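*Asks:*
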Amino acid sequence: MNSLPTLPLDAAFAGNRLLASLSAAERELLAEHMTVISLEPGERVLTAGGLVDRSLFPFDGLMVSMITELSGGRSVEVASIGKEGAVGGMVSSGVAPAFTNAVVQIGGRAASIPMAVLQSAKQASPHLQELFCRYGDALLAQVMQSVACNSFHPIEARAARWLLHAQDRVGGDRLALTQESLASLLGVQRTTVNAVARVLGEQGLIANRRGAIQVVDRDGLEAAACECYARVEGHFGAILGPDGRGRTTPSTD
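Residue numbering for the sequence shown follows the working numbering, starting at 1182 and increasing by one per position.
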């Protein structure tokens, strides 16, 4: 994890959908104590049972997976977070233990804000408090839908759904992710994902690149995905507004 100069702060406020909704006054509550950091794939930003002492607001293509681990080395992703949201401390008041691990899947940058600063800002701004509570609701919806999806939907549809979510969070067609990583996130064998990727590739929906997956046909991938993608995105829009910002236009107060 590398800290960067304060110059990218404007990029953070513009690149993260939650931060982009803040008024000038609300930005001032956070900016003085905000640091932009660069994160690489595989870095763990939260550890289950460890204290959450900061919140991260991804932008610049960063995607973080919330991963639940079971005995025997088994694990599965329960939620993914990118430029639409934040990692850690959205609903809790102050420092609290994390329930799952949060691991960087696709590298990029994030704005890091100490929990104490974020909590003070919530108390000073009713909009901030409401915004983060609404985002917490949207994130919980994603987790609940993932439970249903993992229980009932075929792996082909689940993989298509995950790739759509990843593309939304990264903001581009190229996903710097290997099939082995995707298999781990979906909780299946690599051979299973290899077969699914081959089918999606033969249908012209994706293309495998060295160390990456390229989304070729977005509409076709949506048709191949299960209903869970549309349900989660629809709820996100209903909770946080059509632009994902918690209100129809940024505040000017």
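Note that the Cβ used here is the ideal one computed from N, Cα and C, for glycine as well.
Since we're looking at a predicted model, the values are computed, not measured.
So what's alanine 1347 in DSSP terms, helix, strand or just coil?
*Replies:* Here alanine 1347 sits in helix by DSSP.
*Asks:* Between leucine 1356 and isoleucine 1394, which are expected to be in contact by the criterion C-beta below 8 Å, what is the C-beta distance as a whole number of angstroms?
*Replies:* Yes, leucine 1356 and isoleucine 1394 are in contact; Cβ-Cβ is about 5 Å, under 8 Å.
*Asks:* Report buried or exposed for glycine 1263, applying the criterion of at least 16 other Cβ atoms within 10 angstroms of its Cβ.
*Replies:* Buried.
*Asks:* When the Cβ atoms of the segment 1365–1381 are set against those of the segment 1333–1345, are three or more pairs found closer than 8 Å?
*Replies:* With the cut-off at 8 Å, the segment 1365–1381 and the segment 1333–1345 touch.
*Asks:* Closest to serine 1256 by CA distance: which of Gly1266, Val1284 and Gly1242 is it?
*Replies:* Closest option to serine 1256, Cα to Cα, is Val1284.
*Asks:* If we require 4 or more residues per run, which alpha helix (DSSP H) segments fall completely within the segment 1385–1417?
*Replies:* Fully enclosed alpha helix (DSSP H) runs of 4 or longer: 1399–1405.
*Asks:* Who are the Cβ neighbours of lysine 1303 in its own chain at under 6 Å, not counting the five residues just before and after it?
*Replies:* If we look at lysine 1303 and ignore the five residues flanking it on each side, its Cβ neighbours are Leu1309 and Gln1310.
*Asks:* Taking just the CA atoms, how far does isoleucine 1294 sit from leucine 1366?
*Replies:* Straight-line Cα distance between these residues: approximately 27 Å.
*Asks:* In terms of alpha-carbon separation, which member of Ser1219, Glu1221, Gln1286 and Leu1243 lies closest to threonine 1359?
*Replies:* That would be Gln1286, whose Cα lies nearest to the Cα of threonine 1359.
*Asks:* Can you tell me whether DSSP reads glutamate 1213 as helix, strand or coil?
*Replies:* Of the three classes helix, strand and coil, the one that applies to glutamate 1213 here is coil, per DSSP.
*Asks:* Starting from leucine 1227, trace the beta strand (DSSP E) in both directions and tell me its first and last residue.
*Replies:* That run of the beta strand (DSSP E) goes 1225–1227.
*Asks:* Between the alpha carbons of asparagine 1389 and alanine 1297, how many angstroms are there, rounded?
*Replies:* Whole-angstrom Cα-Cα distance: 43 Å.
*Asks:* Judging by CA-CA distance, which residue of Leu1402, Arg1235, Glu1265 and Thr1372 is the nearest neighbour of alanine 1195?
*Replies:* The shortest Cα separation from alanine 1195 among Leu1402, Arg1235, Glu1265 and Thr1372 belongs to Glu1265.
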